[in-house]
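This report refers to the structure that appears directly beneath it.
Residue numbers (the numbering used here): 10 to 155.
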């Protein structure tokens, strides 16, 4: 948003003093708000613990302290949890896969998006119609040529 000089949506961030702000520069000095109120906050805390403290890596606060609050990309761990569906679903994978697909269709039918939906849609559109970039970005890309 900052690169495009656009304001953030209401409720997305707070400034350094903890006041709600739609100004991306002020929010960079403050913090992004979690989605979903107190439930979203609980989910983000759970992820923070799984991808930081549990695997003995930086939490977000430790990452900010490590980079001296320069605003660079955070340091942090990755935790990948994989489940074998056959162990949980009793062996009828086809039926269970169909059940999951029905759930996904019901979610999208209501207008909600599933993770990665926008990316996959945009990829199809870009392949079909190409993309538009600014003249400045085009010139910057050409300047990178060796």
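Every residue gets a Cβ at the ideal spot worked out from N, C-alpha and C, and that includes glycine.
| Close Cβ partners of residue 123 (< 7 Å) along its chain, the five nearest in sequence each way excluded | In the chain shown, counting from the first residue as 1, residue 123 sits at position 114. Closer than 7 Å at Cβ, skipping near neighbours: 113, 116 and 117.
| query | Beta-carbon separation of residue 24 and residue 45 under 7 Å? | reply | Counting from 1 along the chain shown, the entry for residue 24 is found at position 15. Counting from 1 along the chain shown, the entry for residue 45 is found at position 36. Not closer than 7 Å, so no.
| Element boundaries [alpha helix (DSSP H), containing residue 152] | In the chain shown, counting from the first residue as 1, residue 152 sits at position 143. Run containing residue 152: 144 to 152, per the alpha helix (DSSP H) assignment.
| task | Count the C-beta pairs between the segment 31 to 38 and the segment 58 to 67 that are closer than 8 Å, then say yes if the count reaches three, no if not. | result | no
| field | Local Cβ density within 10 Å of residue 22, reported as buried at 16 or more and exposed below that | value | Taking the first residue of the chain shown as position 1, residue 22 is located at position 13. Residue 22 comes out buried.
| query | Roughly how far, in whole angstroms, is the beta-carbon of residue 98 from the beta-carbon of residue 105, given that I think they are within contact range, below 8 Å? | reply | Locating residue 98 in the chain shown gives position 89, counting from the first residue. Locating residue 105 in the chain shown gives position 96, counting from the first residue. Their Cβ separation, rounded to whole angstroms, is 4 Å, which keeps residue 98 and residue 105 in contact under 8 Å.
| task | Compare the beta carbon distance of residue 52 and residue 31 with 7 Å and say whether it is the shorter of the two. | result | Taking the first residue of the chain shown as position 1, residue 52 is located at position 43. Taking the first residue of the chain shown as position 1, residue 31 is located at position 22. No, they are not a contact pair.
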